[in-house]
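So in our numbering, spot 200 of the first sequence is number 209, and the numbers just go up one at a time.
Beta carbons are placed, not taken as given, at the ideal position from N, Cα and C, and that holds for glycine.
In this text, all values refer to a predicted model and were calculated from it rather than measured experimentally.
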Amino acid sequence: MGKLVKRAGRDRIEAVPDRIIVLKNAGAPAQAADEASFRIKYAEVLNAAQLAAVTHRNGPLLVVAGAGSGKTRTLIYRVARLIESGVPPGAILLLTFTRRAAQEMLQRVEQLVGERAGEVAGGTFHSFANTVLRRYGAALGLKPNFTILDRSDMEDVINLLRTRMGLGSRDRRFPKKGTIAEAISMARNKCRALEEEIEIDFPHLHDHTEEIVKLAVSYEAYKRERALLDYDDLLYRMVELLKEHEQVRKRLSETYRYIMIDEYQDTNRIQADLVRLLAATHHNVMAVGDDAQSIYSFRGANFRNIMDFPTLFPGARVVKLEENYRSVQGILDVANEVISRAVEKYTKVLFTQRRSEVRPLLVRAEDEHMQSRFVAQRILELREEGVELGEIAVLFRSSFHSFDLELELQRCDIPFVKRGGFKFIETAHIKDVLAHLRIVANPADAVSWLRMLTLVNGVGNRRADRLIEELVNSAQPEKTLAESASKLGVRAQAAVEGCARLAALVAGLKSGKAGSTRPADQLASVVEYYLPIMREAYPDDYPKRERDLEHFQNLTERYRSLESMLADMALEPPSDSIGDVLAIDPEEGYVTLSTIHSAKGLEWRVVFLIWAADGRFPGPMSVEPEELEEERRLMYVASTRARDELYLSYPMYMFDRSLGHVMGRASRFLEDLDPQILPTAMLQESQDEPA
DNA sequence: CTTCTCCCTGTTTTT
DNA sequence: CAGGGAGAAG
């Protein structure tokens, strides 16, 4: 789907500097034309509130939009309206939650106003920051070839530093790398001192505060020395850039004269800062969001942020969209009930004119497998009734909740794609292969060197560490590698040979052996080198992994530059669970399986929510009242994804590792709902149905 | 110092 | 049901 679109997206973003020239002309936009001169009849296709938002021209605007109230539609029409009013598309910046969302919106804008919409800049905060930093980061002393660290890279570095600093080698209770990484990242996302963050959210780490802070300090230094940026750095350093370099700030602010942000309730303070700085010269910011759908507090978002918008941008206009165009009233009744029991009240009550006799259904299954069979069977029936598979989704709280269902769907030959949860980009073999390419782009990328070197037989953490010290400062790392390795001595013959082979590979990659520096070709030589290593490392399942690598090679075909490919892999990784994807018949379509988080902003005609059971949703990790409130909002998000039919199901017997078999109860968010609003059904085995 | 093996843990959610 | 971590052997 949409190779071209994706490519267009990248070009759009990369084209930043050219646009500055365009800009000067844009300084004097066409004066507000009167309604008759617009091709689109805005007043006819939008309701009053939507129209008010769309025709808003200058100054800050906050749109509080309930689920399904035409939020995306409003954004799209606003973009169209601006373009029709003479604003150059390149002066519009559309920040969304995923790049996918940005692309979909721009496609729809294109249908309205034509190709020029393609020039609108857009993407996630992180991908936008990435582009800007590559271009202007030199002002901060940042190399343009910096490497982006994902979460597991971050953990690798922390682990390395921890051992190096001799922390926690004795103390078995020293926190794990993942926990430390989380604390560091959380502190930054909430704009708190690390000490403070530990006190508030990680009180159990209190005894180790001093060491963790030290670790965080050396982590910062390590990244700076080696041109490495983690996700948080992308945002932080961009804020730094805008704060400290007035010229850059002015340039960008003048380039992007109209800024729009989707899903504002899920932004955190740094992102808000970023917007404020970007809009410094014009304050033309339109934020769209729904406080009742804030589900990313684990990433530092706070649903109260949206209410702070008018403080951040004085004089902001506020528009509320409350009419729902998506769901039938029965579904909204459930959603409204769920959210009305929240401790803190939200700003809207949804209503619709879509009447329907059908109510959502709370389905009790005997056990997990029966739940899966129910979903599969109902999907088959729906298909008989003429519902396209693409109109059906199964949602769940955590990605592993769908394991049993996946097997059942496979058994019934129902094609599906799973979104959220495991990303195959994060599997060891893909990361291994990527590491070899990352050092071509950034030879100082010590994380990747470490990964590559420890793959070599006879090289472990210690030797790798010593080799890296020499490598990262060397002008020709591959030569240095071969030389230093040869000094390891006869006792490490395997290591010497292995390093020589690795050095040869790297040399080949850099020189563009096989006459090409196309990422796909470079990847091919890496794979050739890596296959024997992989066979040895994973004797049980290497065939599966080989198929992954093949799939990965296909994915890289369309990239022309290594840098853009690597940035994409870090910021917008392909998340399809492979295998199934390839087998799908485009005519038939597929059912979507998704975590609720990944379903944000999407809608389907029929939605199943499985594992709506206490202990799963909310999960065992949610104890604090605030966490439970977020789970409640998550339930609200899940139920408002459905247009016509909504099935909430849970098994009556479930297996718990610590408790054994337990009686399952419906999620606490559903259990005391009026049966008039949420009727209950019980599954029964029919006689002629084989078990 | 590296590697092998066994045990244990622990399992949201994402850029 | 993995993947990581700790401990022992080469």
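Since Val166 and Val456 should fall inside the 8 Å C-beta cutoff, what is the C-beta to C-beta distance between them, to a whole number of angstroms? 6 Å
Looking only at its chain, what residues have a beta carbon closer than 6 Å to the beta carbon of Asp239, apart from the 5 residues adjacent to it on each side? Leu158, Met163
Asp317 and Ala74 closer than 8 Å at C-beta: no
Which two residues bound the contiguous alpha helix (DSSP H) that contains Ile157? Ile157 -> not in any alpha helix (DSSP H); beta strand (DSSP E) instead, spanning 156-158.
Rounded separation between Glu596 and Ile401 - CA only: 15 Å
Starting from the Cα of Gly99, find the closest Cα among Glu263, Pro69, Ala202 and give me that residue. Glu263
Applying the 10 Å Cβ sphere with the 16-neighbour rule, what's the burial state of Gly429? buried
Determine the closest residue to Met672 out of Val615, Ser658, Asp623, with distance taken between C-alpha atoms. Asp623
Checking 8 Å against the spacing of the C-beta atoms, do Val600 and Leu655 come in under that value? no
Considering just the uninterrupted stretch of the alpha helix (DSSP H) at Trp620, what are its terminal residues? Unbroken run through Trp620: none, as it is neither H nor E.
Which partner residues does Phe708 have in the DSSP bridge list? For the chain, the structure presents residues 10 to 700; residue 708 sits outside this window and is missing.
Quick check: the region 336-351 against the region 642-651, are at least 3 beta-carbon pairs closer than 8 Å? yes
Assuming Ile619 contacts His410 (C-beta within less than 8 Å), just tell me the rounded distance between them. 6 Å
Let me know if Ser54 comes out buried or exposed under the rule of 16 or more other beta-carbons within 10 Å of its beta-carbon. Correcting the residue type first, residue 54 is Val in the shown sequence and not Ser. Answer is exposed; the Cβ neighbour count stays below 16.
I need the straight-line Cα distance from Ile85 to Gly95, nearest angstrom please. 16 Å
Exposed or buried, which one is Met174 when buried takes at least 16 other CB atoms within 10 Å? exposed
Asn277: buried (16+ other C-beta within 10 angstroms of its C-beta) or exposed? buried
Once DSSP output is grouped into helix, strand and coil, what is the label at Ala702? Residue 702 falls outside the range modelled here, since the chain spans only 10 to 700, and no answer is possible.
I'd like the ranges of any beta strand (DSSP E) spanning at least 3 consecutive residues and lying wholly in the region 507-549. none
Which residue marks the beginning of the beta strand (DSSP E) containing Arg326, and which one marks its end? 326-330
Compute the Euclidean distance between the alpha carbons of Ile279 and Leu151, then round it to the nearest angstrom. 20 Å
How many angstroms separate the CA atom of Glu253 from the CA atom of Ser349? 45 Å
Taking Leu102 as the reference, give the member of Leu359, Ala76, Met295, Thr565 with the closest Cα. Met295
What is the rounded straight-line gap between the Cα of Gln693 and the Cα of Thr436? 40 Å
Could you tell me which residues DSSP pairs with Thr3 in its beta bridges? Only positions 10 to 700 of the chain appear in the structure, and residue 3 is not among them; the question remains open.
Find the nearest neighbour of Gln274 within the set Ile315, Asn345, Ile209, judged by alpha-carbon distance. Ile315
DSSP-derived helix/strand/coil call for Asp413: helix
Could you please give the first and the last residue of the uninterrupted beta strand (DSSP E) stretch that includes Lys259? Note, Lys259: premise wrong, no beta strand (DSSP E); alpha helix (DSSP H) at 255-264.
Supposed close pair Pro424, Leu459 - CB separation, criterion 8 Å: Not a contact, Cβ separation roughly 40 Å.
Should Pro541 be labelled buried (16 or more other beta-carbon atoms within 10 Å of its own) or exposed? exposed
State the DSSP-derived secondary structure class of Met578, mapped to helix, strand or coil. helix
Kindly indicate which residue of Leu70, Glu346, Ile92 has the alpha-carbon position closest to the one of Arg48. Ile92
Do His438 and Leu558 come within 8 Å of each other at the CB atom, strictly closer than that value? yes
I need the straight-line Cα distance from Gln562 to Phe155, nearest angstrom please. 23 Å
Would Leu250 and Val222 be called neighbours here (beta carbons separated by less than 8 Å)? no
Residue span of the alpha helix (DSSP H) that contains Lys432, given as start and end: Taken as a continuous stretch (DSSP letters only), Lys432 belongs to no alpha helix (DSSP H), as it is neither H nor E.
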